[in-house]
Structures are given as structure tokens and as C-alpha cells.
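Quick note, our numbering runs 22 ahead of the 1-based positions in the sequence shown. Glycine is no exception: its CB is placed at the ideal position from the N, C-alpha and C atoms. As the structure is a prediction and not an experimental result, all values here were calculated from the model. One structure is given below, encoded as C-alpha cells.
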Amino acid sequence: MNASPDTPIDQPTRWPSVAVVIPFYNGADFIERSVKSVFEQTVSAAEVIVVNDGSRPEERAALDALALRYPFRIVDKENGGQGSARNAGVAASTSDYLCFLDQDDFYLPNHIETLVSAIPAGDRLFGFVYADVYEAHADGKTIRTGVVKEHSTHPKRDIFELLREDMFVLPSAALVSREAFEAVGGFDPQFMGYEDDDLFLRIFRQGYSNHFVDRAVTVWCIHTESTSFSIRMVRSRFRYFKKLLAMFPDEPRRNRFYLRDYLVPRFGQVFVDEAIQAIKLRHEHQEEMRARFTEYVGIVLSNPYVSRRVKLKMRVIAFLLEHDSPALVRLIAAVTRLPGLRSLRRLAR
């Protein structure tokens, strides 16, 4: 790992130090927009670090050219995904607070000022503050506002809601205490998707506070090359499910059944849909998807607290996926009408 020479950035003395970390992977088409938005902030970052996560040489050269126009540091590392790239950027920084920005997103001008201003005075266990985003196309044109508020509840108040649904705390719209980040070990590099939920859940469990600002500070750009549309996201989701399963074993004496009440409702239908879609489209990863779903079914069937109805549904779905027969799908769906089999009928069409 190596870094380009430091270049100081002007910063008002009344503001705490903030480092902005931007993972970069073959993103020359978007990185200038992201970097420019950081240097147009109403409150300057103390450090701006772009982490080159194993990009092609020509992409790295584009980053060098951009660094001649904007005073950011470049940290080089082998490809390991956004989580490990963010960790590398944090390790290369010294600021008290951390902001992250994906290469295809960009900040609104008051991003840093808004988030820093929301840090409660005297909060010795401050963990993170986050805000809303605008959703946009890849070209930055707005699709909708108030995205985060439409999903989940904010701020986060109990572990059960963090298990029940995706958190919708976007790293590109958050400011994290370095103390909290380092206390939990940063991003888990095994994830290339769900690394954000995993980080913020662990910070929450460690006893740090979180706060929500009801305004947009970032433009979140969606395009077909985003991680959300890749097989890496599918794999990472299942890894996260298994990590949560290990972190939260059932507690019968306290009447808490995490797999049954939180993880199956949250992830189960997604796993079904992914497996069906892969098989229906004869996707190159269909056998991997089938094996993953078989593993998921085994986990559900082995749990004594999952209902017989859910287990029966899992057995039926697993049987249909194994035999891959549209006619059989139509027959079973028509006869049983089990809840949740609607997705199976798509396979028969």
C-alpha cells in the first residue's frame, strides 16, 4: 500500500476535523463529480483520501490527473471491495470524524456542515449521525427525494428493528466517530454489499448513540454497474444472514426467536426470488444459487421454533427448484395455494 504526498486543506478552526474517504475502482467516469462535490463544501474536510482499490492502469492514471487539480491523497491497494477500501482510507487518516463517499455519488454543498452541526454537545458515546438522500440516475438527475424516510425508522432505537429490515443508513450520507469506528474494527471486509448495515449495527450494539437529520445531504446515483445489481451482492447478503444468525442465537427463556421472527421474514423471500430467477434465466450462477438456497432451507428446517407451515413451504419450494419443472410448479401452486408461492408461479410462466 502506498500514498501520494499530503496536501493541506484549509479548515475553519471552529469545526472538528473530518476526513472524507472515497473508494475508487475503475470509476474515472464519475470520480471527478464526487471529488468536486467534496471540495465545494461550506465546511472543508481536513483530509480527502481516494483509495484506489486495484483499478486498471489507465483508470489509475485518470486519478493522478485529477489529483493535479484537486488536493486529495491517493492510497493504492489490491482489490478487496468497498469495505476494505474504506478501512484503508481510515487507516491513512487522522481526523476525529469520518465521512464516506462512493465514487458515483456526490455531496450536496452543506453535507459536512449539516452532519457536524448535528453532533450533540457532550455526547461521550457519540457513534454516528446520518441524513437523507436524493435518489438519482447515473447522470445525477433526481428521481425522488426523502428516500431514507420512506424505509425503516430513524434514528435507530432497538436491535429488533435493525434485524427486521435494512437500516437505510447510507455511508455516503453519514458521519462516524473515529472512536466508534475503531472500537468495532471498521468495515467487515468479507462483505461487498451489506457492509454498511453490518458496521452500523455493530456500532449500535457497542452502546454508541446515533442521530438522524431530516434533510438530504447526498445525491445517491443508481446505475447498472452498481454493486446492488451484481452476484457479489447476492453472495454478500447470504454471508450477512449467516453472520446475524451466529450473532443472535435464539433465547427461549426471554421469548426471543431471532431466526423465526426477524431473519426469515427479512431474507427468506429474497433468497427464494433470487434462486428462482437464476434458474428461470439459466443464469451462469444458477447452481451456486440453488446450493445456497438448499443451505438456507436446511437452516430453517433445523430450527425447532420455526413454524410447521413455514417449513412445509420451504420443502415445497426446495423440491420445485430441485426438479425445475414449470408444469410441476403450476400443479403444486394450484393445489396447495400456500402463502408465499406467488413467486413460484413466475417460474411457470
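Could you give the DSSP three-state label for residue i: helix, strand or coil?
i: F128; result: strand
i: D154; result: strand
i: S115; result: coil
i: T164; result: strand
i: H307; result: coil
i: A297; result: helix
i: F341; result: helix
i: A89; result: helix
i: L120; result: strand
i: G290; result: helix
i: N74; result: strand
i: A50; result: coil
i: F279; result: coil
i: L369; result: With a pLDDT of 46 at L369, under the threshold of 50, the modelled position of this residue cannot be trusted, and the question is left open.
i: H173; result: coil
i: F190; result: coil
i: G320; result: helix
i: S248; result: Residue confidence is low: S248 scores 48 on pLDDT, short of 50, so the model does not pin down where it sits. Its coordinate-derived value is still stated next. Residue state, collapsed to three classes: coil.
i: F315; result: helix
i: F213; result: coil
i: G149; result: strand
Taking the straight line between their C-alpha atoms, what separation do you get for residue i and residue j?
i: V169; j: S199; result: 24 angstroms
i: P93; j: M189; result: 34 angstroms
i: P131; j: A68; result: 16 angstroms
i: E172; j: G149; result: 23 angstroms
i: L343; j: R288; result: 21 angstroms
i: V97; j: Y47; result: 12 angstroms
i: E157; j: I165; result: 5 angstroms
i: R275; j: G320; result: 24 angstroms
i: G103; j: S56; result: 18 angstroms
i: A50; j: V72; result: 12 angstroms
i: P271; j: I253; result: 28 angstroms
i: I2; j: G105; result: The structure shown has nothing for residue 2, since the chain only spans 23 to 371.
i: I141; j: E62; result: 21 angstroms
i: R312; j: A297; result: 6 angstroms
i: A202; j: R314; result: 34 angstroms
i: V65; j: I134; result: 6 angstroms
i: L184; j: A83; result: 41 angstroms
i: H345; j: V322; result: 20 angstroms
i: S174; j: D218; result: 15 angstroms
i: P45; j: V338; result: 43 angstroms
i: K302; j: S139; result: 50 angstroms
First and last residue of the alpha helix (DSSP H) that includes residue i?
i: S231; result: Taken as a continuous stretch (DSSP letters only), S231 belongs to no alpha helix (DSSP H), being part of the beta strand (DSSP E) at 231-244.
i: R254; result: 253-269
i: K58; result: 53-60
i: F46; result: Taken as a continuous stretch (DSSP letters only), F46 belongs to no alpha helix (DSSP H), being part of the beta strand (DSSP E) at 40-46.
i: I181; result: 181-186
Can you give the beta carbon distance from residue i to residue j, rounded, assuming they're within the 8 angstroms contact cut?
i: F293; j: Y318; result: 5 angstroms
i: R227; j: I181; result: 7 angstroms
i: P38; j: Y119; result: 6 angstroms
i: R108; j: V43; result: 5 angstroms
i: V235; j: T136; result: 6 angstroms
i: Q15; j: A300; result: There is no way to answer for residue 15, as the model of the chain reaches only from 23 to 371.
Report yes or no: is there a C-beta of chain D within less than 8 angstroms of the C-beta of residue i?
i: N48; result: The structure shown contains no chain D, having only a single protein chain.
Just reading off the beta strand (DSSP E) that residue i is part of, what are its end residues?
i: A140; result: Per DSSP, A140 belongs to no beta strand (DSSP E) and is neither H nor E.
i: A196; result: 196-199
i: D219; result: Taken as a continuous stretch (DSSP letters only), D219 belongs to no beta strand (DSSP E), being part of the alpha helix (DSSP H) at 217-227.
i: R95; result: 95-99
| said: Within 8 angstroms, do at least three Cβ pairs link the segment 124-133 to the segment 80-93? | reply: Taking 8 angstroms as the limit for Cβ pairs, the verdict is that the segment 124-133 does not touch the segment 80-93.
| message | Whether or not the segment 199-209 and the segment 100-115 are in contact is what I'm after, with contact meaning three or more pairs of Cβ atoms, one per stretch, closer than 8 angstroms; do they touch? | response | The segment 100-115, when compared against the segment 199-209, does touch it at the 8 angstroms Cβ threshold.
| Quick one: any contact between the segment 323-342 and the segment 273-289, if contact means 3 or more CB pairs under 8 angstroms? | Touching, yes.
| For the segment 211-227 against the segment 180-197, are there 3 or more C-beta pairs whose distance is under 8 angstroms? | Segments in contact, yes.
| message | Counting beta carbon pairs with one atom in the segment 69-85 and one in the segment 144-163, are three or more of them shorter than 8 angstroms? | response | In this structure the segment 144-163 does not touch the segment 69-85; the number of beta carbon pairs closer than 8 angstroms is below three.
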